[in-house]
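Enquirer: Below you will find the structure I want to go over with you.
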Amino acid sequence: MTQEDRSTRTLAVDIGGSGIKVMVLDEEGQPQTERSRLETPQPPKPEPILEAIAFLAGGQGEFDRVSVGFPGVVSRGITKTAFNLDPSWIDFDLATTLKDRLGKPVRVANDADIQGLGSIAGSGVELVVTLGTGFGSSLFVDGILVPNLELGHHPFRKGETYEQQLGRFALDTVGTKRWNRRLEKAIVSVQNLFSLDYLYLGGGNTKKIVFALPAKVKIVPNVTGLLGGIALWRD
Ligand code: BGC
Numbered sequence: 008m009t010q011e012d013r014s015t016r017t018l019a020v021d022i023g024g025s026g027i028k029v030m031v032l033d034e035e036g037q038p039q040t041e042r043s044r045l046e047t048p049q050p051p052k053p054e055p056i057l058e059a060i061a062f063l064a065g066g067q068g069e070f071d072r073v074s075v076g077f078p079g080v081v082s083r084g085i086t087k088t089a090f091n092l093d094p095s096w097i098d099f100d101l102a103t104t105l106k107d108r109l110g111k112p113v114r115v116a117n118d119a120d121i122q123g124l125g126s127i128a129g130s131g132v133e134l135v136v137t138l139g140t141g142f143g144s145s146l147f148v149d150g151i152l153v154p155n156l157e158l159g160h161h162p163f164r165k166g167e168t169y170e171q172q173l174g175r176f177a178l179d180t181v182g183t184k185r186w187n188r189r190l191e192k193a194i195v196s197v198q199n200l201f202s203l204d205y206l207y208l209g210g211g212n213t214k215k216i217v218f219a220l221p222a223k224v225k226i227v228p229n230v231t232g233l234l235g236g237i238a239l240w241r242d
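So the number in the numbering used here is just where the residue sits in the sequence shown, counting from 1, plus 7.
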């Protein structure tokens with residue numbers, strides 16, 4: 008197949024605290040390759056993570072552009088916070104560095120924002136919470152993203168933030184039962200805070216949920232963290 012015969016292909020990348028994942032999407036956002044994954048290098052500094060992305064990209068065939076989900080605040084391709092990676096990510100120009108490395112245009116957004124873009128219905132007040140290493144959040148009003156919502160680092164209960172109570176470390180420390188009770192309380196709390204029409208729960212730790220979810224709360228598959236990457240090119 009020649010370059011002209013096919014639609015634009017986007018390499019979607021998800022940088023996580025425990026894994027780096029990639030997959031190629033077509034113009035409609037449909038997966039074109041099997042998702043591949045590497046453990047997040049330790050320490051999780053920019054250089055070994057860029058190396059891991061380049062390695063994974065090499066196994067994905069051709070692509071024309073790149074979308075990256077990053078686990079922190081991102082402003083114009085620059086990573087501003089990185090609670091669950093290395094502090095050397097603060098003020099790192101991820102978009103330019105990765106563009107130079109892969110030779111393709113790169114757009115970067117917060118990981119929970121990308122998961123949200125891949126999950127929402129596009130009407131009303133919708134919140135997406137990701138339960139992984141960290142606690143991610145993205146809020147949409149009639150499909151429009153409210154930027155930089157970092158609910159994870161906001162106070163929740165007992166002098167701790169949502170991320171301190173519900174992140175991976177908390178789950179490993181207090182166990183599934185207490186983590187589930189906390190999550191039930193967190194759902195009530197965010198529903199009261201935003202009067203939500205819909206709440207979506209994503210991220211690897213959703214598989215630890217054991218209670219019946221209330222109405223208008225649903226679990227979204229992990230792959231939405233990559234599928235939402237297509238939305239970064241809709242402008
Ligand atoms: C970060 C968020 C991120 C979340 C999930 C938090 O620690 O501050 O920006 O979305 O983890 O990765």
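Think of the CB as a built atom: it goes at the ideal place given N, C-alpha and C, for glycine as much as any other residue. It should be emphasised that the depicted structure is a prediction, and the values quoted were computed from it without experimental measurement.
My output table needs one value for A222: the three-state DSSP class, helix, strand or coil.
Expert: Translated into the one-based positions of the sequence shown, residue 222 becomes position 215. Under the three-state reduction of DSSP output, A222 falls in the coil class, being neither helix nor strand.
Enquirer: Excluding the five sequence neighbours on either side, which residues of its own chain have a C-beta within less than 7 Å of the C-beta of P48, listed in chain order?
Expert: Locating residue 48 in the sequence shown gives position 41, where the first residue counts as 1. Excluding sequence neighbours, P48 sits near P55, I56, A59.
Enquirer: Could you pull out every unbroken beta strand (DSSP E) segment of at least 3 residues lying fully inside the region 15–100, listed in chain order?
Expert: You should have 17–22, 26–32, 43–46, 72–77.
Enquirer: With a threshold of 16 other CB atoms inside 10 Å of the CB of P151, please say whether the residue is buried or exposed.
Expert: Taking the first residue of the sequence shown as position 1, residue 151 is located at position 144. Reading off the sequence, residue 151 comes out as Ile, not Pro. Burial call: exposed.
Enquirer: In whole angstroms, what separates the C-alpha of R175 from that of N91?
Expert: The count along the sequence shown starts at 1 and reaches residue 175 at position 168. The count along the sequence shown starts at 1 and reaches residue 91 at position 84. Approximately 10 Å between the Cα atoms of the pair.
Enquirer: Would you mind reading off the limits of the alpha helix (DSSP H) that contains G123?
Expert: Position 116 of the sequence shown, counted from the first residue, corresponds to residue 123. Counting along the chain, the alpha helix (DSSP H) containing G123 begins and ends at 118–124.
Enquirer: D118: buried (16+ other C-beta within 10 angstroms of its C-beta) or exposed?
Expert: Sequence index remark: in the sequence shown, residue 118 carries index 111 (1-based). It is buried - the Cβ of D118 has at least 16 other Cβ atoms within 10 Å.
Enquirer: According to DSSP, is S7 helix, strand or coil?
Expert: A question about residue 7 goes unanswered here, because the residues of the chain that appear run from 8 up to 242.
Enquirer: Can you give the Cα-Cα distance for S196 and A116, rounded to whole angstroms?
Expert: Here residue 196 corresponds to residue number 189 of the sequence shown, with the count starting at 1. Here residue 116 corresponds to residue number 109 of the sequence shown, with the count starting at 1. Spanning the two alpha carbons is a distance of roughly 26 Å.
Enquirer: Considering only residues of the region 162–189, which uninterrupted alpha helix (DSSP H) runs meet the minimum length of 4 residues and lie entirely inside it, listed in chain order?
Expert: 169–173
Enquirer: Under DSSP, the beta strand (DSSP E) around D137 begins and ends at which residues?
Expert: Within the sequence shown, numbered from 1, the residue matching residue 137 stands at position 130. At residue 137 the sequence reads Thr, which differs from the Asp that was named. 132–138 is the extent of the beta strand (DSSP E) around T137.
Enquirer: With the cut-off set at 8 Å, would you say V29 and V20 are in Cβ contact?
Expert: Working through the sequence shown from its first residue, we reach residue 29 at position 22. Working through the sequence shown from its first residue, we reach residue 20 at position 13. Yes, Cβ-Cβ distance for V29 and V20 is below 8 Å.
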